[in-house]
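**Q** Line by line, the protein sequences are chains A and B. Under the numbering used here, the letters of the first sequence match residues 1 to 139, in that order. Under the numbering used here, the letters of the second sequence match residues 1 to 127, in that order. Pasting in a structure now, in structure tokens, and then I'll have a few things to ask.
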Amino acid sequence: MRRALGFVIFATICGCAGNLCLRQGMITVGSLPGAAPAELFAFFAAAAINPWIWLGIAFEIAYSLLWMAVLSWSEISWAVPMNALEYALAAAAAYALLGEPVGLLRLAGIALICAGVALLSGSWTQAGTATADPLTHPI
Amino acid sequence: MIKTTCILVVSIVCSAYGNVLTRQGLKKLGPLEDFHPLHLLRYGWAAVRNPQVLAGVAINFGQFLAWLIVLSWAELSWALPMNALEYLVVAYLGWKLLGERLEPRRLAGIGLVSAGVLLTMLSWKGP
Numbered sequence: 001m002r003r004a005l006g007f008v009i010f011a012t013i014c015g016c017a018g019n020l021c022l023r024q025g026m027i028t029v030g031s032l033p034g035a036a037p038a039e040l041f042a043f044f045a046a047a048a049i050n051p052w053i054w055l056g057i058a059f060e061i062a063y064s065l066l067w068m069a070v071l072s073w074s075e076i077s078w079a080v081p082m083n084a085l086e087y088a089l090a091a092a093a094a095y096a097l098l099g100e101p102v103g104l105l106r107l108a109g110i111a112l113i114c115a116g117v118a119l120l121s122g123s124w125t126q127a128g129t130a131t132a133d134p135l136t137h138p139i
Numbered sequence: 001m002i003k004t005t006c007i008l009v010v011s012i013v014c015s016a017y018g019n020v021l022t023r024q025g026l027k028k029l030g031p032l033e034d035f036h037p038l039h040l041l042r043y044g045w046a047a048v049r050n051p052q053v054l055a056g057v058a059i060n061f062g063q064f065l066a067w068l069i070v071l072s073w074a075e076l077s078w079a080l081p082m083n084a085l086e087y088l089v090v091a092y093l094g095w096k097l098l099g100e101r102l103e104p105r106r107l108a109g110i111g112l113v114s115a116g117v118l119l120t121m122l123s124w125k126g127p
């Protein structure tokens with residue numbers, strides 16, 4: 001439990017750092033102007049040679065490996081709401097590091113999402129035991 | 001905002017579908033238990049020759065490209081919580097395709113996530 005919690009926190013920080021790097025990279029690459037093949041090619045070519053993007057990919061790979069380790073130890077209903085933690089952490093980090101204006105509306109939205117995900121994840125365990133019941137669902 | 005949300009939905013659907021395909025393929029290979037380097041190599045080789053794993057990885061790569069497009073248009077603190085749309089898609093598919101019951105607790109969760117996604121979406125700043 002404590003090992004899994006440590007890994008989850010570490011994974012969340014890696015995932016958050018990865019997305020911060022990706023966003024910083026895309027700020028330097030610039031907005032995708034249109035969907036013409038030439039525009040798409042130039043856009044992804046610029047992204048592929050951007051060091052921020054590669055740093056972000058490295059963080060995301062670390063995140064995936066840590067997350068796989070977590071899922072091998074814990075139930076999904078416990079692990080998934082930890083994912084929602086990343087939304088809150090990323091909002092704080094994006095405000096502090098990227099200077100994003102996180103208004104009250106967005107904060108309220110993130111808070112509601114985190115509360116909802118916590119409720120939903122609890123309901124998965126109940127559904128899991130319900131389907132495992134041989135009387136209601138003979139398999 | 002609408003355009004970005006559309007690409008985000010593409011990214012979410014790709015991510016869910018890619019994960020299902022990869023998992024189906026890896027289930028056929030069986031769980032990874034031996035961590036000897038030679039065995040890891042053999043397992044990896046078997047994985048890349050499995051068409052479902054390959055398709056899953058390709059779709060996940062497409063998802064990453066869509067996510068990069070989203071991040072070129074949207075602030076991170078807007079785009080990341082919008083990924084919670086995935087919980088709503090999964091809840092809907094579970095109800096529609098797998099016949100999962102929508103007990104009060106789950107309905108409440110879906111309601112909170114929906115409200116939160118809506119507020120986050122409306123907090124869009126930009127063109």
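Where a beta carbon is used, it is the ideal one built from N, C-alpha and C, also for glycine.
#1: So Trp95 of chain B and Ser11 of chain B are supposed to be a Cβ contact under 8 angstroms. How far apart are they, rounded?
#2: So is Ile53 of chain A buried or exposed if we call it buried at 16+ other beta carbons inside 10 Å?
#3: Cα-Cα, which of A:Ala38, A:Ala115, A:Val70, A:Leu105 is closest to Val3 of chain A?
#4: So which residues on chain B does Pro81 of chain A lean against when the C-beta distance must stay under 9 angstroms?
#5: DSSP state of Arg3 of chain A, grouped into three classes?
#6: Are Cys142 of chain A and Tyr87 of chain A close, meaning C-beta to C-beta below 8 angstroms?
#7: What did DSSP end up calling Ser123 of chain B once you bin it into helix, strand or coil?
#8: Here's the rule I'm using: 16 or more other beta-carbon atoms within 10 Å means buried, otherwise exposed. How should Glu100 of chain A be labelled?
#9: Between Ile110 of chain B and Val70 of chain B, which are expected to be in contact by the criterion C-beta below 8 angstroms, what is the C-beta distance as a whole number of angstroms?
#10: So, with DSSP's three-state summary, where would you put Glu39 of chain A?
#11: Got a sec: is the Cβ-Cβ distance from Thr136 of chain A to anything in chain B below 8 angstroms?
#12: With a cut-off of 8 angstroms, does the C-beta of Thr120 of chain B fall near any C-beta of chain A?
#13: By the three-class DSSP mapping on this structure, what secondary structure does Leu8 of chain B have?
#14: Between the C-alpha atoms of Asn50 of chain B and Gly56 of chain B, what's the straight-line distance to the nearest angstrom?
#15: Counting contacts by CB-CB distance shorter than 8 angstroms, is Ser31 of chain A in contact with chain B?
#16: Would you give the residue range spanned by the alpha helix (DSSP H) that Ala62 of chain A belongs to?
#17: For the putative contact between Ile110 of chain A and Ala91 of chain A, defined by C-beta atoms under 8 angstroms, what is the C-beta separation to the nearest angstrom?
#18: Round the Cβ separation of Ala94 of chain A and Leu85 of chain B to the nearest angstrom and send it over; I've been treating them as touching at under 8 angstroms.
#19: Going along chain A in order, which residues have a C-beta closer than 7 angstroms to the C-beta of Leu76 of chain B?
#20: Where are the alpha helix (DSSP H) runs, 4 residues long or more, that stay fully inside the segment 41-86 of chain B, in chain order?
#21: Using only alpha-carbon positions, find the residue among A:Trp67, A:Ser77, A:Leu104 that is nearest to Gly116 of chain A.
#22: Do you know offhand how far Phe7 of chain A's Cα is from Gln24 of chain B's?
#23: Have a look at Ile59 of chain B and Gly18 of chain B and give me their C-alpha separation to the nearest angstrom.
#24: Which term fits Val117 of chain B, buried or exposed, when burial requires 16 or more other beta carbons within 10 angstroms of its beta carbon?
#25: Please classify Trp35 of chain B as buried or exposed, where buried requires at least 16 other C-beta atoms within 10 Å of its C-beta.
**A** In short, the structure shows the following:
#1: The residue you call residue 95 of chain B lines up with position 95 of the second sequence. The residue you call residue 11 of chain B lines up with position 11 of the second sequence. Not quite, the Cβ-Cβ distance comes to about 23 angstroms (not below 8 angstroms), so this is no contact.
#2: Within the first sequence, numbered from 1, the residue matching residue 53 of chain A stands at position 53. By the 16-neighbour rule on beta-carbons within 10 angstroms, Ile53 of chain A is buried.
#3: As a first step, residue 3 of chain A is located in the first sequence; it is residue number 3 there, counting from the start. For clarity, residue 3 of chain A is Arg in the given sequence; the question names Val instead. Relative to the Cα of Arg3 of chain A, the nearest Cα in the group A:Ala38, A:Ala115, A:Val70, A:Leu105 belongs to A:Val70.
#4: Counted from its first residue, the first sequence places residue 81 of chain A at position 81. In chain order: nothing, as chain B lies at least about 10 angstroms away.
#5: As a working note, residue 3 of chain A is residue 3 in the first sequence. Annotated three-state conformation of Arg3 of chain A is helix, per DSSP.
#6: Because chain A here runs from 1 to 139, residue 142 of chain A falls outside it and cannot be looked at.
#7: The sequence position of residue 123 of chain B within the second sequence is 123, counting from 1. Coil, per DSSP.
#8: Counting from one through the first sequence, the residue named residue 100 of chain A turns up at place 100. When all chains shown are included, Glu100 of chain A counts as buried.
#9: By 1-based counting over the second sequence, the position of residue 110 of chain B is 110. By 1-based counting over the second sequence, the position of residue 70 of chain B is 70. Their Cβ separation, rounded to whole angstroms, is 23 angstroms, which puts Ile110 of chain B and Val70 of chain B out of contact at 8 angstroms.
#10: Looking up residue 39 of chain A in the first sequence gives position 39. In this structure, Glu39 of chain A counts as helix in the three-state DSSP scheme.
#11: Reading the first sequence from its first residue, position 136 is the one you call residue 136 of chain A. At Thr136 of chain A, the pLDDT of 34 sits below 50, so the modelled position is not reliable; the number obtained from the coordinates is stated separately. By this cut-off, Thr136 of chain A is not an interface position.
#12: The count along the second sequence starts at 1 and reaches residue 120 of chain B at position 120. Interface residue, yes.
#13: Residue 8 of chain B sits at position 8 when you count from the first residue of the second sequence. Helix at Leu8 of chain B.
#14: Against the second sequence, residue 50 of chain B aligns to sequence position 50. Against the second sequence, residue 56 of chain B aligns to sequence position 56. Rounded to whole angstroms, the gap between the alpha carbons of Asn50 of chain B and Gly56 of chain B is 10 angstroms.
#15: As a working note, residue 31 of chain A is residue 31 in the first sequence. So, interface residue.
#16: As a working mapping, residue 62 of chain A is identified with position 62 in the first sequence. For Ala62 of chain A, the enclosing alpha helix (DSSP H) starts and ends at 51-73.
#17: Position 110 of the first sequence, counted from the start, is the residue given in the question as residue 110 of chain A. Position 91 of the first sequence, counted from the start, is the residue given in the question as residue 91 of chain A. For Ile110 of chain A against Ala91 of chain A, the beta-carbon gap comes to about 6 angstroms, under 8 angstroms, which counts as contact.
#18: The residue you call residue 94 of chain A lines up with position 94 of the first sequence. The residue you call residue 85 of chain B lines up with position 85 of the second sequence. Incorrect: roughly 19 angstroms between the Cβ atoms, too far for contact.
#19: Locating residue 76 of chain B in the second sequence gives position 76, counting from the first residue. The contacting residues are Asn19, Leu20, Arg23, Ala90, Ala94, Leu98, Glu100.
#20: List check, alpha helix (DSSP H) in window: 51-73, 76-82.
#21: As a first step, residue 116 of chain A must be located in the first sequence, where it is residue number 116. It is A:Ser77 whose Cα lies nearest to the Cα of Gly116 of chain A.
#22: Here the question's residue 7 of chain A lines up with position 7 in the first sequence. Here the question's residue 24 of chain B lines up with position 24 in the second sequence. Answer to the nearest angstrom: the Cα atoms are 26 angstroms apart.
#23: Mapped onto the second sequence, residue 59 of chain B falls at position 59. Mapped onto the second sequence, residue 18 of chain B falls at position 18. In a straight line, the C-alpha of Ile59 of chain B is about 5 angstroms away from that of Gly18 of chain B.
#24: For this step, residue 117 of chain B is matched to residue 117 along the second sequence. Burial is judged here by how many other beta carbons sit within 10 angstroms of a residue's own beta carbon; Val117 of chain B has at least 16 and is buried.
#25: The residue you call residue 35 of chain B lines up with position 35 of the second sequence. According to the sequence displayed, residue 35 of chain B carries Phe and not Trp. Within 10 angstroms of the beta-carbon of Phe35 of chain B lie fewer than 16 other beta-carbons, which makes it exposed.
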